Structures are given as C-alpha cells and as structure tokens.
Amino acid sequence: KTALRFEAATATWVFRLAGLERVSPRRYVLQRRAVELFRANGTSALVALESHAQVRELWAKLARLCRAQNAMPLVADAPLSFSGLYPSDEAAQGDEADGQPPAALVASPHVEDVFARHAAKLTEAWRKRRVSNFAYLSALNELAGRTYSDISQWPVFPWVIADFESPKIDVDDPRVVRDLAKPMGALGPPSRAEAFVDRYRSFEDPTGCMPPFMFGSHYSSAGIVLHFLLRLEPYAHLAVDLQGRHFDIPDRLFHSLRESWVSATESMCDVKELVPELFYMAETLLNDNDLPLGSRQQTSDDADLKVDDVSLPPWAQDAHAFVRTHRLALEGEAVSASLHRWIDLVFGVDQRGERAEKATNVFYHLTYEGAVD
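Residue numbering for the sequence shown follows our numbering, beginning at -8 and increasing consecutively.
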C-alpha cells in the first residue's frame, strides 16, 4: 500500500496514506522545512526535513497521489473543515467558484497556492462571523507554521484584558480591553515605548552583521510557553530541564495574572503575549499536582509568599470563572472591533519593514523566519 517513508541516521518512520487525515507544512528552527502528519486516530507527528525544497517536493508528490487515487483529502481540508470552522452543511456545498468540495484544493502541486486559498476563505468566513475569534486565531497560527507539536513554535494568542484590579468588569467596555493596535512593547508608560524606539534609532553594530531592533526578547518562545504552562505535565518537567534540574527562582515563576500583565506592559525585558490554554483550560492556573514551586521574597507582613495556584484578579471568583470571562472577552465586541490590528502585527503586514518600524514592532533579527541559514 502507498505510504510515506522517512529515513534518519538512527531510525525509519513509515506512515500509510490510508491512515493519514492531512499533512500541513511547518517551521523548524524558523525555517519552513518541516511537515506535520495528522493521523486519523487523532495523533500527529512532526517531521523535520533537510530543506524547504524537500517540503515542496513532498507536497507535489502527495498532490499527484491524491489526484490519481481519488484518495482522502490528505493535504487540503485543514485548517478549514477539519478544525470545525465551517458548519457541515456549508462544507458540503463546496467552493462556489468551481463547484468542487474543499478537497479539490489538493489539485494544486504548490503548497503556497493551497494555503493562500485557505487563508482567503478563512478570513472571509471570519469577516462574516461564521467562525469565532478563537477558531480564527487557531487557524492563523497553523497557517503560520505554529503547532502544539513544537514547544518553540507554540500557538500565540493576545492579551485582551487590561484590567486586573477592578472587582467587576464589562468585557464589552473598550476601557477594559487592551489596545490591540500596539504590540506589548508599546503599551504601558509612554517613556517605555520611547526607550525602545531610542534603542532602535541609536543602535550601531561595529561588525555590520546585526540590524537594529527595539525588543531583545520576543512575544512567544519556548521559555514563555513553559512559563505559563508550568503547573501542567509534561511542561513542568520541561521547565525543570530548562533550568538545570530545578524550578526557576520563585519570584520569576507565573504566580499572578496581575503581576504578569504589569511586567509585560512595564518591564524593558518582557513583551510576552499569551498561550491559547489561558482561554479554555482552568487547570493552567491551578497547582493540582502540588509542585514544590517555592516561596517569593518578603514583600509585606501579611502577603502569602508561597507559589501555588495563580493569583487571580478580583473579578474572577475562581480559575474557571477567569477562563470563562477571558474567553468572553476574546469573543466580545470590543476585542472583535480591533483584533485585526493585532493580527497584522503578528501574522500580517506589520511584521517587517517600514510598517513594523512605524508600529513599534521590530524584534531581534534572529527571531524572524529565514534569519538563520
């Protein structure tokens, strides 16, 4: 039977096409030279190839196989129908332009063509509010090469709530919502953004190899993912491995949502965004595994210094209430009105070049795709 065979120095992997649901291109070490194979049983495997040319060659061969065998929609359906972004009756109607179901997209031998068409259809569905903000962001992350199979390319979601002190909040009140037109480094005191811009304008590299940048850290990284998912496995073990077989210093651990927001909007070393789990998984905030996370330094006479469950804002009675309100805010009118601005910063036209400079959105050059050979 037809199968994909990947050979490495120490092992060989074989994937039967009949057992695969789809294949999606992925990034590996900021290069588009990986693919993720999704099995029909709900599992997946991330395979890093030697070059982007090999990814294109694999994609073209898969397209020919699917056309010749009239096989499963191996390459094309994700991230639309397989992610549940369209109602089943709409998916059954197919593409109005050519009268074919979405699987016909696989006829293109070029990966870029298929994903460009997916992105266009996806954005149109989101614009018409046929898909939720959460589903749209999830699909954009996948189209950008981010995946739950690679801790260094984890999906990234925005901070959406800016009020972590009030006893009650209205998620449709624009005053409660973070300014999504600005990256995290441009929020907070005006002097902070000015300092980042001054760094960029005055930067000089004697070697001429390093272009100027505003932010030396990034909005998403393996360390940031482990910071937020510390209380869950296997991320707790990964965090311990990262820190040399012990947890990080308690004061640096994720212990308070308010403190995390303050740090990301005031510190010159912190511009991190969020992970999607904070919009659907209350366990992210609970130390149900009783991990020995230590105690923070003394700050006041009556402060609870033990790092245990994450400290919540006053408007959240418990972790489940926080996640529920957080998700409502993401889907609310105030966020929906400006979410496209954040998407431009992270996935769109404001990532690089003059637009990135004007948007105060320039990061260290090695954090960009293609910067590493």
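Glycine residues also receive a C-beta, built at the ideal position from the N, C-alpha and C atoms.
Values in this document were obtained by computation on a predicted structure and should not be read as measured data.
The C-beta of H237 has fewer than 16 other C-beta atoms within 10 Å across all chains shown, which makes the residue exposed. Between the C-alpha atoms of L53 and Q45 there is a straight-line separation of about 12 Å. At the C-beta level, W306 and I142 stay beyond 9 Å of one another.
With 16 or more neighbouring CB atoms inside 10 Å of its own CB, Q22 falls in the buried class. Judged by DSSP secondary structure, P203 falls outside any alpha helix (DSSP H); it is assigned neither H nor E. For Y226, the uninterrupted alpha helix (DSSP H) run begins and ends at Y226 to L233, by DSSP. Contact between V167 and A153 holds, with the beta-carbon distance rounding to 7 Å and staying under 8 Å. With fewer than 16 other CB atoms across the displayed protein chains lying within 10 angstroms of its CB, S182 is exposed.
P304 is classed as buried because its beta carbon has at least 16 other beta carbons within 10 Å across all chains shown.
A36 is bridged by DSSP to L28.
Relative to L217, the option among S208, F106 and L233 whose CA is nearest is L233. If the five residues before and after F194 are omitted, its C-beta is found closer than 6 Å to the C-beta atoms of P203, all from its own chain and listed in chain order. For the pair of segments examined, the region 261 to 275 was found to touch the region 213 to 229: the number of CB pairs separated by less than 8 Å reaches three. Cβ neighbours of P165 within its own chain (closer than 6 Å, five residues either side excluded): A325.
If you compare the alpha carbons of R243, V147 and C200 with that of L357, the shortest gap goes to C200. Comparing alpha-carbon positions, the option among F354, S247, D299 and R118 lying closest to R222 turns out to be D299. Remark: C-beta atoms of P174 and Y127 do not approach each other more closely than 9 Å.
Nearest neighbour of A(-6) by Cα position, chosen from T1, A0, A2 and A9, turns out to be A9.
The region -5 to 15 and the region 26 to 41 touch, with three or more beta-carbon pairs separated by less than 8 Å.
Judged by DSSP in its simplified three-state form, F6 adopts strand. Classified as buried, D341 has 16 or more neighbouring CB atoms from the shown chains inside 10 Å of its CB. DSSP, read as helix, strand or coil, puts E133 in helix. Counting along the chain, A310 sits inside the alpha helix (DSSP H) bounded by residues A310 to E322. Per DSSP, the unbroken alpha helix (DSSP H) holding V337 starts and ends at L330 to V337.
Our two residues, L56 and I334, have alpha carbons roughly 35 Å apart in a direct line. DSSP, read as helix, strand or coil, puts F194 in coil. In the DSSP assignment, A(-6) falls within the unbroken beta strand (DSSP E) covering A(-6) to E(-2). Distances from the alpha-carbon of E348 to those of R192, E41, V151 and P283 put R192 closest.
Annotation for L282: no beta strand (DSSP E) segment contains it, and DSSP assigns it neither H nor E.
Judged by DSSP secondary structure, R166 falls outside any alpha helix (DSSP H); it is assigned neither H nor E. Just so you know, the alpha carbons of P283 and L277 end up roughly 13 Å apart. In the DSSP annotation of this structure, the continuous segment of the beta strand (DSSP E) that includes R13 starts and ends at L11 to Y19. The straight-line gap separating the alpha-carbon atoms of G323 and F125 is approximately 11 Å. With a threshold of 16 other beta carbon atoms within 10 Å, A130 meets it and is buried.
Its chain contains N124 as the residues whose beta carbon lies nearer than 7 Å to that of S327, once the 5 sequence neighbours on both sides are disregarded; these appear in chain order. With a cutoff of 9 Å on beta-carbon distance, S302 and L248 are scored as near each other.
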